[in-house]
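Everything below concerns the one structure shown next.
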Amino acid sequence: MLKYLLKQFRDVKREGHKEFIKKLSLLFKLITTIPFYLVAVVCWVFITLVRPFVLIRIDVISSTNFGYFVLTPALYYCKKKLKIDQPERKCIDLFCLDHQGFKKYNKQIEKMWRRKLFFLPSILLKPIYNINKIIPKYKIPTLNIQSKLNIRDVENLIEKYQPLSFTKEEEKIGKENLFKFGLNENDKFVCLAVRDAAYQNEKISPKLTDWSHHNFRNEDIDNFTLAAEELTKRGYFVFRMGVVAEKQFKTNNPKIIDYAFSKYRSDFMDVYLGAKCSFCISTGLGFDEVPYVFGRPIAYLVLPVGEFRTHNEKFLITTKKHLLLNENRKLSLSEIFKYGLAYAFDTKIYEKKGVKLIDYEPEEIKEFTLEMLEMTENKSKTRGESEILQKSFQKIYKTSLENLSPEEKGKSPYIKSHGEIKSNFSSSFLEKNNWWLK
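Residue numbers (the working numbering): 213 to 650.
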């Protein structure tokens, strides 16, 4: 308790009177919740008593991570509809949403999940959830759908059951909005989701959280211009996605739409565009779970390599080259694992290991994009030399995962989240960089 109080004083001293007012407001809210906790105790007892007749399970869903907010309820919902890992007796699942004070969360996804799941007001269910955590016995079963173990669809459940859908009215609104962007009904488009620091800094101030550990995941949107221009030549529109972005997408091409800076940007269109795109190009951010949940193909530019999404044939993967500075040479895939970089989620780890990540060249991104285009338009299968390279990649990647040390396996939440390796790695990358599979 003393440590907690000292922390509050330090926060106020560092941030000033605004922080003091904020904490005072939180204290007031805490006091006003006391009656709800008294009601929660009664509800907890009731739920426990009726367990022999009906099983009631509870969970709190956080909306603060967009990707988790889209995918984890989807996996739960698919399992429920497909009757996978479900209780044999009658069961009622109750949820509440926790926005954790963040204003930046997608209201459309919230609306769509409210149509599918049984939500109670958080002021009622969250106290029950909190009380349940501190009771040692006779707990109410909690679903924990946003557990680290539930953030990959390695069983490809979403191919078996579509969890989300738009209403007829929403479909009409979506088409009308596409028309505002200059698209006709039969026009094809691609979503371009390029990560930078803007969204995280707006969600949580860099004064409160140091986001520099994520710098290695950020990309320069200018490096994607060549790929976007090429897509328009092939008849596609390109939407540069984002709630906010650090800088505008510099282009005069009317078929390249800087949606992140558009007056027509909305929570609804964030979801609608992701659901209706021909495919998505993503550098790894929460948005790409939208096209995934709606069954759209995705081209991933992924870091770190342990994050590769390998379980679905609709995925195409590439990554950055890792330059070992003291030897002035690039690391192979197996060496990236051996150097402890497969699950390096902090920029400082690469610096400590003496490894520089080489930025994607615009030409590389264009080739990767065209490979994805070929895959989606012609549904081409790899043959000949390319097929041999893919099998070699799959073998090395699988073996490298299996050979991780016990310590690395304990720190890596996605170790068991690859499933059968079905995704292709970029053939153009493998053909031009034969050292990578050594």
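Just so it is clear, CB atoms sit at the ideal spot from N, CA and C, and this is done for glycine as well.
Exercise for the section: Enumerate in chain order the residues of its own chain whose CB-to-CB distance from C255 is below 6 Å, with the five nearest sequence positions on each side excluded. Expected result: To locate residue 255, count along the sequence shown from 1; it is residue 43. Here the set comprises I340.
Exercise for the section: Give me the Cα-Cα distance between T379 and R301, rounded to the nearest whole angstrom. Expected result: By one-based count along the sequence shown, residue 379 stands at place 167. By one-based count along the sequence shown, residue 301 stands at place 89. Roughly 32 Å separates the two Cα atoms.
Handout entry: Of the residues S544, W647, K328, the one placed nearest P285, counting alpha carbons only
Key = The count along the sequence shown starts at 1 and reaches residue 285 at position 73. Cα-wise, what sits closest to P285 is K328.
Exercise for the section: Rank E575, L287, R326 by C-alpha distance to the C-alpha of N356 and give the top, closest one. Expected result: For the purposes of this step, residue 356 is identified with residue 144 of the sequence shown, where counting begins at 1. Ranking E575, L287, R326 by Cα distance to N356 puts L287 first.
Handout entry: the stretch 290-306 touching the stretch 361-370, judged by at least three CB pairs closer than 8 Å
Key = yes
Handout entry: Which of helix, strand or coil DSSP assigns to F473
Key = Locating residue 473 in the sequence shown gives position 261, counting from the first residue. Note: F473 maps to helix in three-state DSSP.
Exercise for the section: Flag this pair as yes or no: are the beta carbons of S639 and S598 separated by less than 8 Å? Expected result: Along the sequence shown, read from residue 1 onward, the residue named residue 639 stands at position 427. Along the sequence shown, read from residue 1 onward, the residue named residue 598 stands at position 386. Closer than 8 Å, so yes.
Problem - Counterpart residues of A511 in DSSP-defined beta bridges - result: As a working mapping, residue 511 is identified with position 299 in the sequence shown. In the DSSP output, where bridge partners are listed per residue, A511 has I493, L528.
Handout entry: Beta-carbon proximity of R452 to D470, cut-off 8 Å
Key = Stepping through the sequence shown from its first residue, residue 452 is reached at position 240. Stepping through the sequence shown from its first residue, residue 470 is reached at position 258. Contact flag set, yes.
Problem - F491 beta carbon less than 8 Å from that of I510 - result: Within the sequence shown, numbered from 1, the residue matching residue 510 stands at position 298. Within the sequence shown, numbered from 1, the residue matching residue 491 stands at position 279. For I510 and F491, yes; Cβs fall inside 8 Å.
Practice task
Identify every run of the beta strand (DSSP E) within the stretch 325-411, keeping only runs that are complete inside it and at least 3 residues long; order them along the chain.
Solution key: 400-405
Problem - Rounded separation between G386 and E442 - CA only - result: The sequence position of residue 386 within the sequence shown is 174, counting from 1. The sequence position of residue 442 within the sequence shown is 230, counting from 1. Using only the alpha carbons, I get a separation of about 26 Å.
Practice task
Would you kindly report the start and end of the unbroken alpha helix (DSSP H) that includes K459?
Solution key: For the purposes of this step, residue 459 is taken as the residue at position 247 of the sequence shown. First-last for K459: undefined, no H or E at that position.
Exercise for the section: Name the one or two DSSP bridge partners that Y448 has. Expected result: Within the sequence shown, numbered from 1, the residue matching residue 448 stands at position 236. Answer is K400, bridged to Y448.
Problem - Nearest residue (CA-CA) to T354, options L528, N615, F331, L306 - result: Residue 354 sits at position 142 when you count from the first residue of the sequence shown. T354 has its Cα closest to that of L306, out of L528, N615, F331, L306.
Handout entry: Enclosing beta strand (DSSP E) for V272 [first to last residue]
Key = If you number the sequence shown from 1, residue 272 lands on position 60. Where V272 is concerned, the enclosing beta strand (DSSP E) stretches over 267-274.
Practice task
Please classify K650: does DSSP put it in a helix, a strand, or coil?
Solution key: The residue given as residue 650 occupies position 438 in the sequence shown. If DSSP states are grouped into helix, strand and coil, K650 belongs with coil.
Exercise for the section: Report yes if the C-beta distance between L497 and A405 is below 8 Å; otherwise report no. Expected result: To locate residue 497, count along the sequence shown from 1; it is residue 285. To locate residue 405, count along the sequence shown from 1; it is residue 193. Yes, the pair counts as a contact, with Cβ atoms nearer than the cut-off.
Practice task
Please classify N645: does DSSP put it in a helix, a strand, or coil?
Solution key: As a working mapping, residue 645 is identified with position 433 in the sequence shown. It is coil, neither helix nor strand.
Exercise for the section: Specify the secondary structure class of L553 as computed by DSSP and reduced to three states. Expected result: As a working note, residue 553 is residue 341 in the sequence shown. Coil at L553, not helix or strand.
Practice task
Could you give the DSSP three-state label for L616: helix, strand or coil?
Solution key: Taking the first residue of the sequence shown as 1, we reach residue 616 at position 404. Residue state, collapsed to three classes: coil.
Problem - Under 8 Å between C-beta atoms of F506 and A487 - result: Reading the sequence shown from its first residue, position 294 is the one you call residue 506. Reading the sequence shown from its first residue, position 275 is the one you call residue 487. In this structure, A487 lies closer than 8 Å to F506 by Cβ.
Exercise for the section: Give the secondary structure of H425 by DSSP, where H, G and I count as helix, E and B as strand, and everything else as coil. Expected result: By 1-based counting over the sequence shown, the position of residue 425 is 213. In the structure shown, H425 sits in a helix (DSSP, three-state: H, G or I).
Exercise for the section: With L485 as the anchor, note down where its alpha helix (DSSP H) starts and where it stops. Expected result: What you label residue 485 is simply residue 273 of the sequence shown in a count that begins at 1. Counting along the chain, the alpha helix (DSSP H) containing L485 begins and ends at 479-488.
Handout entry: Cβ neighbours of Y350 in the same chain (closer than 7 Å, five flanking residues each side left out)
Key = Stepping through the sequence shown from its first residue, residue 350 is reached at position 138. Excluding positions up to five away in sequence, the list reads T260.
Exercise for the section: Just the C-alpha distance for K634 and T530, rounded to the nearest angstrom, thanks. Expected result: The sequence position of residue 634 within the sequence shown is 422, counting from 1. The sequence position of residue 530 within the sequence shown is 318, counting from 1. Roughly 14 Å between the two C-alpha positions.
Practice task
Please list, in chain order, all residues of the same chain as Q312 whose beta carbon is under 6 Å from its beta carbon, the five residues on each side excluded.
Solution key: Taking the sequence shown and counting its residues from 1, the one referred to as residue 312 is at position 100. Counting only Cβ-Cβ distances below 6 Å, and skipping sequence neighbours, we find T276.
Practice task
Report, in whole angstroms, the separation of the C-beta atoms of R364 and S629, which I expect to be a contact under 8 Å.
Solution key: Sequence index remark: in the sequence shown, residue 364 carries index 152 (1-based). Sequence index remark: in the sequence shown, residue 629 carries index 417 (1-based). About 4 Å separates the two Cβ atoms, so the contact holds.
Exercise for the section: Drop a sphere of 10 angstroms on the beta-carbon of V567, count the other beta-carbons inside from all chains shown, and report buried for 16 or more, exposed for fewer. Expected result: Within the sequence shown, the letter at position 355 stands for residue 567. Classification of V567: buried, given that the 10 Å Cβ count is 16 or more.
Handout entry: For F527 and R521, the rounded distance between their alpha carbons
Key = For the purposes of this step, residue 521 is taken as residue 309 along the sequence shown, with counting starting at 1. For the purposes of this step, residue 527 is taken as residue 315 along the sequence shown, with counting starting at 1. In a straight line, the C-alpha of R521 is about 7 Å away from that of F527.
Exercise for the section: Return the residue from the list N389, P247, S494, I246 that minimises the CA-CA distance to V402. Expected result: As a first step, residue 402 is located in the sequence shown; it is residue number 190 there, counting from the start. Per the Cα distances, S494.
Problem - DSSP-derived helix/strand/coil call for I633 - result: Locating residue 633 in the sequence shown gives position 421, counting from the first residue. Note: I633 maps to coil in three-state DSSP.
Exercise for the section: With a 10 Å radius around its C-beta and 16 neighbouring C-beta atoms as the bar for buried, classify N646 as buried or exposed. Expected result: In the sequence shown, counting from the first residue as 1, residue 646 sits at position 434. With fewer than 16 Cβ atoms within 10 Å of its Cβ, N646 is classed as exposed.
Handout entry: Bridge partners - L536, DSSP secondary structure assignment
Key = Indexing the sequence shown from 1 puts residue 536 at position 324. R541, V567.
Exercise for the section: Note down the Cα distance separating M213 from A252, rounded to an integer number of angstroms. Expected result: Taking the sequence shown and counting its residues from 1, one reaches residue 213 at position 1. Taking the sequence shown and counting its residues from 1, one reaches residue 252 at position 40. Low confidence applies here, because M213 scores a pLDDT of 46, under 50, leaving its location unreliable; read the following figure in that light. Spanning the two alpha carbons is a distance of roughly 24 Å.
Problem - Any 3 or more C-beta pairs closer than 8 Å across the stretch 549-558 and the stretch 607-622 - result: yes
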